[in-house]
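Number of protein chains: 2
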Amino acid sequence: MKLRPDNTRDRLIDTAMELFHSQGYQATGVAQILKKAEVNSGSLYYFFPTKEDLLLAVLEKYKLMLHPALLEPIWSRIDDPIEKVFGLLDGYRRLLMMTECNYGCPIGNLALEIGHSHAKARQLLADNFKGWRDAVHECLNAADDRLPSDVDRAQLASFVLTVMEGAVMQARTERSLKPFDDAVTQLRDYFDRLTADGTQWGAPAASELKPRTNTDKE
Amino acid sequence: MKLRPDNTRDRLIDTAMELFHSQGYQATGVAQILKKAEVNSGSLYYFFPTKEDLLLAVLEKYKLMLHPALLEPIWSRIDDPIEKVFGLLDGYRRLLMMTECNYGCPIGNLALEIGHSHAKARQLLADNFKGWRDAVHECLNAADDRLPSDVDRAQLASFVLTVMEGAVMQARTERSLKPFDDAVTQLRDYFDRLTADGTQWGAPAASELKPRTNTDKE
DNA sequence: CATGCAGTTGATTGATCGTTCAACTAAGCA
DNA sequence: TGCTTAGTTGAACGATCAATCAACTGCATG
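Top line first, the protein sequences correspond to chains A and B.
Just so we're aligned, residue 246 is where the first sequence starts under our numbering, counting upward by one.
Just so we're aligned, residue 246 is where the second sequence starts under our numbering, counting upward by one.
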């Protein structure tokens, strides 16, 4: 968690990660990165031939950070595999809340901005998505007996990512947590119906669709 | 559908709309717009004081086009209100397919790129989202008797938009229709469970989760 | 002390950015 | 005919962009 690495290369990556996240890739000038990281242009280009190479390094770091920085704190706090998934969603909610709905998912932001051309960057973005989906997929596998057997786990995991990204996008645009919370409530309802179908032998019951205070303490 | 309006102002808006959609706002230079629209810089700045004002005009046009250009062709083709919603999703699928997963939802793209600052633009993006959600909301109201009474229609409509935007984002990043189709399949399953619960008196049945050939002729 | 190399410096480059403006044209009207 | 006004022209502006590079520093090796 060191805020200012003595290593120039790492400091550039960390600074770029933050600026790309808050402003986007294009909107962040190399000069701004240099100033904030307190590095001279020559040093940057010693480590990274182009600005895009710096972006690639940032995306590589996101890949490396997925498990230790994003998942592990949640995984260790929550045992139930399905609640892990919703705990993960709550993590993004916290990020939105802390930044007044300004920061979203860094991967999602860059995905729509970089999407075209930049083949290597897009591949890394896809890798990051895959890591996220795989993590959710494992949770679903761990809850195998509670889900209907005919539900494709990988497909459902992808759906969770879809909902998360779409929810963050709407929340940022509306500058409100409501679209995010609404999406999570609907996803929760869907899971309730799936698990009711998966375990029981009778009626759906649907868990009454109570709002589920996603808001406070886990 | 005139491809080259004689009106300079409209030609600028149309050209900017296309370029902003395919490349993004920041990545599109004024010079590029001028060249493609065959307009001189002075004329552009006669109609639009800044580049951002041109963006606002583009977003206004999207608002105006929502019903006549996006919804109406689908609404007139499909009667069933719930199938209208999935017809709308299929429209975006067609766009992805036609452009080899390069073009996504223009509003969603700009939402993540412009999100910060640019207060007026963000409001217009929110307006566009609202128009979309309201259209789906009306469909759900029209299918009122088939949905469980305790399901919030507005919330469900917002969820559909969430799923659409997230699905398009993933499809563009993976350069594949699969994430999109997976999301639609899951959403379809959710609707099946909702309508089963809303109309029936007994078990869920869940419609077997058959893949639903979303692919070809409606 | 000498040599070599990893890393740093920052002024400078040419391209491109969004924007300006004085001069000009064409159409409408009196 | 002369005056007005909406619209057009395109060279030019300063700022900023990503990127360059010859000169330099500090340290480890022999």
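All C-beta atoms, glycine included, are put in the ideal place defined by N, C-alpha and C.
CB contact flag (B:Gln368, A:Leu401, <8 Å): no
Among A:Lys365, A:Phe425, A:Leu315, A:Arg322, nearest to A:Gly376 - alpha-carbon criterion: Of A:Lys365, A:Phe425, A:Leu315, A:Arg322, the smallest CA-CA separation from A:Gly376 is found for A:Leu315.
Below-8 Å beta-carbon distance, A:Met262 vs any chain B residue: no
Any chain A beta carbon closer than 8 Å to B:His361: yes
Cβ pair B:Ile327, B:Phe404 closer than 8 Å: If you check the CB distance, B:Ile327 and B:Phe404 do not come in under 8 Å.
Residues, ordered as in the chain, of the segment 412-439 of chain B that lie near chain A by beta-carbon distance below 7 Å: Ala412, Met414, Gln415, Arg417, Thr418, Glu419, Pro424, Asp427, Ala428, Thr430, Gln431, Tyr435, Arg438
Proximal residues to B:Val284 (C-beta, below 7 Å), its chain only, five neighbours per side dropped: Same-chain partners within the cutoff: Thr253, Arg256, Leu257.
Proximity test, Cβ basis, 8 Å: A:Leu300 and chain B: Not flagged as an interface residue toward chain B: A:Leu300, since no C-beta distance is shorter than 8 Å.
Proximal residues to B:Leu279 (C-beta, below 7 Å), its chain only, five neighbours per side dropped: If we look at B:Leu279 and ignore the five residues flanking it on each side, its Cβ neighbours are Asn285, Ser286, Leu289.
Per-residue DSSP class, three states only, for A:Pro351: Here A:Pro351 sits in helix by DSSP.
Assigned exposure category for B:Asp390 - 16 Cβ within 10 Å defines buried: exposed
Cross-chain neighbours of A:Asn285 in chain B, by beta carbon under 9 Å: Here the premise fails: no neighbours, minimum Cβ distance about 26 Å.
Assumed close pair A:Ala366, A:Leu301 - CB separation to whole angstroms, cut-off 8 Å: Their Cβ separation, rounded to whole angstroms, is 6 Å, which keeps A:Ala366 and A:Leu301 in contact under 8 Å.
Contact set between B:Val275 and chain A, taken where Cβ atoms lie within less than 7 Å: Within chain A, no residue comes near B:Val275; the closest Cβ sits about 15 Å away, beyond 7 Å.
Cβ of A:Met409 within 8 Å of any chain B Cβ: yes
Three-state class that DSSP yields for A:Gly269 in the structure shown: coil
Neighbour flag for B:Ser403 against chain A, beta carbons, 8 Å: yes
Reduced DSSP secondary structure (H/G/I, E/B, other) of B:Asn373: Here B:Asn373 sits in helix by DSSP.
Assumed close pair A:Lys308, A:Asn373 - CB separation to whole angstroms, cut-off 8 Å: 6 Å
CA nearest to the CA of A:Gln415, picked from B:Asp325, B:Asp259, B:Thr273, B:Leu370: B:Leu370
N-terminal and C-terminal residue of the alpha helix (DSSP H) that B:Thr279 is part of: The question names Thr, but residue 279 of chain B in the sequence shown is Leu. That run of the alpha helix (DSSP H) goes 275-282.
Simplified DSSP assignment, three categories, for A:Leu432: helix
Chain-ordered neighbours of B:Ala371 on chain A, where CB pairs are closer than 7 Å: Thr418, Glu419
A:Trp320 to B:Ala276 span [Cα, whole Å]: 50 Å
Under 9 Å by beta carbon: chain B residues contacting A:Asn354: Leu357, Glu358, Gly360
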